[in-house]
Amino acid sequence: QDAIAVAGAAVGLLGVLGPTALAHCFLATAGSAVGGLFVAAFGNVVAGYSGSPFWLDSVWALTGGRGSLLEYVVWVALFSLGMLRWVTGWECGVYALSDVEADVGCTVDVDTTFTVPLVHGQVHSA
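Taking my numbering, the leading residue of the sequence shown gets -3, the next gets one more, and so forth.
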């Protein structure tokens, strides 16, 4: 158990403080695993498999091996999709917001550099 604890601590430490490539891999893996768990636990609450109305009890049930096969399939499927998204570099989400509407799309490049002053007449020279 000590060796497992040391290995887990090393992976966690390198995932946060290590090289960028390793940190990105760690974040994609942990995020996909936790995100999939959260959705599967929601399914557990809705289906009532854990026997408790509390979402956290469903999380503990799934991590303790007391979930249904469908919940584990959902968890693994979401984990796999998250990892596939990371491996392929596919990005999708809200990238820019206007006052009226949100521009939602995939791989949208938004230029955030300013070429003119925001307030007319207030140009400061360096």
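Cβ coordinates follow ideal geometry from the N, Cα and C atoms, glycine included. Remember, it's a predicted structure, so these values are computed and weren't measured experimentally.
Check                                                                                    : Outcome
Residue range of the alpha helix (DSSP H) that includes Gly78                            : 65 to 84
For Phe38, the three-state DSSP class (helix, strand or coil)                            : helix
Residue range of the unbroken alpha helix (DSSP H) whose run includes Ser54              : 51 to 59
Run of the alpha helix (DSSP H) containing Gly11, from where it starts to where it stops : -2 to 13
Ser28 versus Val70 - alpha carbon distance                                               : 12 Å
Rounded C-alpha distance that separates Arg62 from Leu33                                 : 13 Å
Below-8 Å beta-carbon distance, Gly39 vs any chain C residue                             : Protein chains in the displayed structure number just one, and chain C is not present.
Nearest-angstrom beta carbon gap, Pro49 and Val42 [assumed within contact, 8 Å]          : Contact doesn't hold; Cβ gap of about 10 Å is too wide.
CA-to-CA distance, Ala36 to Ser54, given in whole angstroms                              : 9 Å
C-alpha distance - Thr16 paired with Tyr68, whole-angstrom precision                     : 31 Å
Closest residue to Arg81 among Leu9, Trp56, Ala24, Ala6 (Cα-Cα distance)                 : Ala24
Burial state of Ala5 (16 or more Cβ within 10 Å)                                         : exposed
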